Structure formats: C-alpha cells, structure tokens
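Asks: Position one of the sequence shown corresponds to residue -2 (my numbering), numbered consecutively onward.
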Amino acid sequence: MLEAVPNLIAAPAGDPAVTAPVEEDSRRVKPGGLFVARRGLSTDGHDYIQAAVDNGAAAVVGELPPDQVDSSVPYVRVREGGEALAHLAAAYYGFPSRRLVMIGVTGTDGKTTTSNLIFSVLQKAGIRAGMISTIKAVIGDEEMPTGLHVTTPPAPEVQMYLARMVEAGLTHCVLEATSHGLAQRRVSACDFDLAVVTNIQHEHLDFHGTWEHYRESKAMLFRHLMAGARKAGVAKTAVINRDDEPNADYLLSIPADRHLTYTLSPEREADIAAKRVDYRPASTGIEIALPAGGMVNIQSALIGDFNVSNILAAVSACYGLDIPSDQIKAGIEAVDAIPGRMERIDEGQEFLAVVDFAHTPNALKQALRAARLMIPPAGRVIAVFGCAGLRDPAKRVMMGQVAAELADLTVITAEDPRTESLDEILATTAEVIKESGGKEKETFWRIPDRGEAIYRAVRMAGPGDIVVACGKGHEQSMCFGTVEYPWDDRQAMRSALRGSPLQTLPTA
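1) Is the distance from the Cβ of A454 to the Cβ of V399 below 7 Å?
2) Between which residues of its own chain and T148 is the CB-CB distance below 8 Å, once the five residues before and five after are set aside?
3) For G478, tell me which candidate among G386, D12 and D420 has the shortest Cα-Cα distance.
4) Got a sec, what are the start and stop residues for the alpha helix (DSSP H) E428 sits in?
5) Output the distance between the C-alpha atoms of D57 and K121, rounded to the nearest integer angstrom.
6) Have a look at A505 and S418 and give me their C-alpha separation to the nearest angstrom.
7) Expressed to the nearest angstrom, what Euclidean distance is found between the alpha-carbon atoms of E21 and A86?
8) Is K438 buried or exposed, if buried means 16 or more other CB atoms sit within 10 Å of its CB?
9) Using the DSSP secondary-structure output, state which residues sit across from F189 in a beta bridge.
10) Hey, out of L191, N4 and S262, whose CA is closest to V513's CA?
11) Please determine if the region 59 to 68 and the region 33 to 46 are in contact, where contact requires at least 3 C-beta pairs separated by less than 8 Å.
12) When you compare only the Cα positions, how much space is there between P142 and A270?
13) Contact between the region 98 to 114 and the region 22 to 38: three or more CB pairs below 8 Å?
14) Using only alpha-carbon positions, find the residue among M457, V480 and A450 that is nearest to C467.
15) From D302 to L403, what does the alpha carbon distance come to, in whole angstroms?
16) Looking at the secondary structure, which residues open and close the alpha helix (DSSP H) in which S497 lies?
17) In angstroms with no decimal places, state the Cα-to-Cα distance between H169 and L159.
18) Could you tell me which residues DSSP puts in a beta bridge with Q296?
19) Is the beta carbon of R377 less than 7 Å from the beta carbon of D462?
20) Are the Cβ atoms of G104 and N196 separated by less than 7 Å?
21) State yes or no: is the C-beta of D188 within less than 7 Å of the C-beta of A229?
22) Taking L218 and A192 to be in contact with their CB atoms under 8 Å, please state how far apart those CB atoms are, rounded to whole angstroms.
23) Could you check which residue in L287, Q296, N304 and A298 has the C-alpha nearest to that of C315?
24) Answer yes if the region 345 to 363 comes into contact with the region 428 to 448, meaning at least three C-beta pairs across the two stretches below 8 Å, and no otherwise.
25) State the Cα-Cα distance for the pair L5 and V75, rounded to the nearest angstrom.
26) Using a Cβ-Cβ cut-off of 7 Å (strictly less than) and excluding sequence neighbours within five positions of N494, which residues of its own chain qualify?
27) Measure the alpha-carbon distance for L309 versus V236 and round it to whole angstroms.
28) Could you name the residues of the same chain whose beta carbon sits closer than 7 Å to that of P336, not counting the 5 residues immediately before and after it, in chain order?
29) Excluding sequence positions up to five away, which residues of its chain have a Cβ less than 6 Å from the Cβ of K326?
30) According to DSSP, simplified to helix, strand and coil, what is L387?
31) Can you find the residues in the same chain that come closer than 7 Å, C-beta to C-beta, to G166, ignoring five residues on each side of it along the sequence?
32) What would DSSP say about T260, mapped onto helix, strand or coil?
33) Taking the alpha carbon of L97 as the point to measure from, which residue in R161, Y211, E77 and G448 has its own alpha carbon closest?
34) Tell me whether T105 sits in a helix, a strand or coil according to DSSP, three-state version.
35) For P93, count neighbouring C-beta atoms within 10 Å of its own C-beta (all shown protein chains included) and say buried if the count is 16 or more, exposed if not.
36) How big is the Cα-Cα spacing for H256 and A17?
And the structure:
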C-alpha cells in the first residue's frame, strides 16, 4: 500500500501487510489495521500510537521523525498525515472512485440542496447513483446518517461508502464537499470528474484564518479535477456560479476540460441562464436557457432566489453529464423538500412555520427573503436564530444586521454555544439589533433556551405570519460545553405548535 502514499519521507523495508481498515482513531483500530497519526487542532494522534498498537495495528503512519516515535510495529513518516490517510484508505478499498463518475459539490450555502437535486435527476435518468451528503449517505435502498453536525465524513468513511457503491453496481456518486473536508484532505483521494460550486460567502474564518484560505479550500475541489484519474468518455467539467463575483473568475482560471457557467441575473452572460422566474408562495416557475438554443421550463416546490440558483447549478451539472433536458426537468421537479431546508411544519395552525439550516449571514438573508415571498403583504416574518460558539464571531454582527433589516420580529437564542458564554453571544447580537433600530421586548427578544424561544415566536404569530427557526435545520444535536445534547428543531417547532415548549437543554 505504501506506493499510494504521497509525500513519503521515510519507510521501513518492505510493505507491511494490512488486512483491516485504515483508521485515524486509535479506538477503531482492528488487528491487522493501519493507524495514521497526525497533529490536529486540539489533539495529536501521535499520542495514541501505543493505544493503536495495543489494539492490533500492523503498522503506523505519522508525521514525526522515527526517532521521536516509540512504536513496536513498522513506522512510516509522511509530510502530511491527512493526505496520507485519504490515499491509504482509497488503496485499502481498491480506489473505488476510479470506477465511479464522481460529482463533487461545494460552496458556502446550498450544497445539500444542490446535491439532492443532482441525485434526483440521476435517478430519473435511470442512472445508478449514490450520494454522500452532510445529512446522509445513500447507497441503493440504504440510507445512513453521516454525523451530528454538517461536514464531509472522514476519509476512511468516504472511501468505505464509495467501495460499497461499487459493490452495489452503482456508476455515479454525488459527494458534498465542505471546506473543512477539502482542507483536511478527506476527499483528496477521490478522482472527481465534475466539480460544482454554489457560492463562496463569509463563513468558517475561525478555522481557515483568512478569506483567501477559505476560498482556496473550495478551489481545491476544482484543482482535483485535472489531477484525478480519467474515465473513458467523461470530460473533466467545472460548473461555476457566474453571479458569485469575484469568485467566479478565480475558479474559471483553474484548468478543466470544460467550464459551464450559470446565472440568475439577466445582466450577465452564462452558459445556463434563468430567463424568467415566477415566484409564488408555495412554488417557483423557471424558464432556463441552455447552450445551443435549448430551453427547459421547470416548476419547482422550492422557493426563493437561492433555490433558483441551486436549481441552475444542478441543471448545469446534469447538462454537463449529457442528460437530456426532459429528464433534468423530471428530476428537479421530483424534489418537494430537503430535510431542514425551508421545511414546513404543519400542525393545523393559521400561520406558516418553517425550519431552515440558515446559519450564515447570506443564508439567513436568503431564508428571510424567501419567507417574505410565502406570506401576504400584511403578514409578518418572525425569525428565531442564534450564533454558534467557538466560530467566527463576525457572523454575530452580520446576522444581527440581517435580522434587523428583514424580520419584523426576532428572537435570538442558543445555537451550539459550546464552551463560550451564551449570554455574551446573545449580547453581541442584541447590541447590533439595537444599533439597527430594534427595540428589545418590542421588536426583538433574547431567550437562551431554544425550545422556549421557538415557543415564544409561535405564540406571537397570527394568521398570515410566518415563523422561521434558522440555524439547526436537520441537525440532531446541540453542543453545550463539550457535550452534544439531543436536539431537533423540527420536534421543537411541532411541540411549540401543539402548545408547549420543548425544553431539554441547559441554557448556560
């Protein structure tokens, strides 16, 4: 397997026999397995080498010099452990991505929706496809959750899912690639054929450090295209949002066999363009121009500008795969809703209640704009949201400004405060709303308990209004301190609509 390792520095003679999966968690190592140790943000995998050996590791791969490592099994030194982990996992499973048409989807907002739309089109086109999203992995009739919080699964899991797809006879895979997943090399050993970007907005600077590093992490998906193995008859295609400037020009500069651009703006030139959009409270009609004079008319249950852009991204990707326009139309129209994405909760109330994953300034803006389209002119938008702890604090200011501008009433609350003070997080956002003209206990409230916050928002709503709980979407937990507590915004909304708050979390 060592021939699969990039940037190999030092290795023992021979190639250790590996008969169990490659792991970076020493607790998961099986007898005959391979343990990859690397330095992380909060832990150092080298500290767990002995634990991995005790569990039966046949060999260890790490980043430290051999003389700094106490290992009784063969030790291999590499320059970058994450890259080695990805390639070794791919080698263990027989490089499954080389036998699949790989479609990667990245972007700040809209990745999951776009991935699901592409997947639906592939199914309608009769293509045997699998999907790995931040919500779940889909292999045939089997669906598996991929984690508590939204990110690309670890490299060994990605390669395991891909191998299972190959074994099941699938030919295509849609893979949602987050900035963390790309930067941490979780998909480095995936041989992508088509790369799609939705947009690149302000997010994750707590992890990436700078805007440039964040954008470059997204760009890695496009750099993987030409570096990956080629498959017969499949062009390396980049799908880029022409409306997302200056990022579009930056991504267009990265080589590919073919670039396809899409736009929602009538003022821009692109390969795939929305020529007419009919926004309705419960649906959207879109007339889309395709290259060479082609047209496709789509009636979608998804609403809002951002979903029109997601649809254009999916149409562009499927056009790039040479799928006929009638099958593209059928696949897009088959998607009624995406879990946790503007998901309606109906308990017979006289107003609309929606749960959405919007947890970035841009996503919150788009969600509130979409909410406005769903109600009559006299209706009110009532927003519930929070800002995560140990994440980019600039979002707290920007999201407060968005809420002050676009919501009639706002309730700020908990959203994964982690080890930060929830009161201080709320105070920052509250101050911004006040500076933007909001009046506490008149136009906005701060309610730390998220279940109580959603309940209070529901109690304020009347006929023609809409309550939008943003930030958690489909997620199944919320982090207080270092503990993940069970939580589901959809359950909280249902409980509130039935007359009682769902209160299961600490509030400080």
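Note that beta-carbon positions come from the ideal geometry of N, C-alpha and C, so glycine has one too.
All of these numbers come straight from a predicted model, not from anything done at the bench.
Replies: The relevant details are as follows:
1) Against a cut-off of 7 Å, the Cβ pair of V399 and A454 comes out as no contact.
2) T131, T175, H177 and G178
3) Closest option to G478, Cα to Cα, is G386.
4) L419 to E432
5) The sequence given here places Val at residue 57; Asp does not occur at that position. Note on geometry: alpha-carbon atoms of V57 and K121 lie some 45 Å from one another.
6) Per-residue confidence for A505 stands at a pLDDT of 49, beneath the threshold of 50, marking its modelled position as unreliable; no derived number is given.
7) 10 Å
8) exposed
9) In the DSSP output, where bridge partners are listed per residue, F189 has none listed.
10) Absent from the model: residue 513. The displayed extent of the chain is -2 to 505, so no value can be given.
11) Touching, yes, given that three or more Cβ pairs across the two stretches are closer than 8 Å.
12) So the alpha carbons of these two residues sit roughly 34 Å apart.
13) no
14) A450
15) 15 Å
16) Unbroken run through S497: none, as it is neither H nor E.
17) 10 Å
18) Its beta-bridge partners are G282.
19) The beta carbons of R377 and D462 sit closer together than 7 Å.
20) It is a contact, given that the beta carbons lie within the stated cut-off.
21) No, they are not a contact pair.
22) 5 Å
23) L287
24) no
25) 5 Å
26) Correcting the residue identity first, residue 494 is Leu in this sequence and not Asn. Around L494: I342, E344, Q346, A350 and V455.
27) 10 Å
28) I132 and H471
29) V293 and I295
30) coil
31) R125
32) Here T260 sits in strand by DSSP.
33) R161
34) coil
35) buried
36) 40 Å
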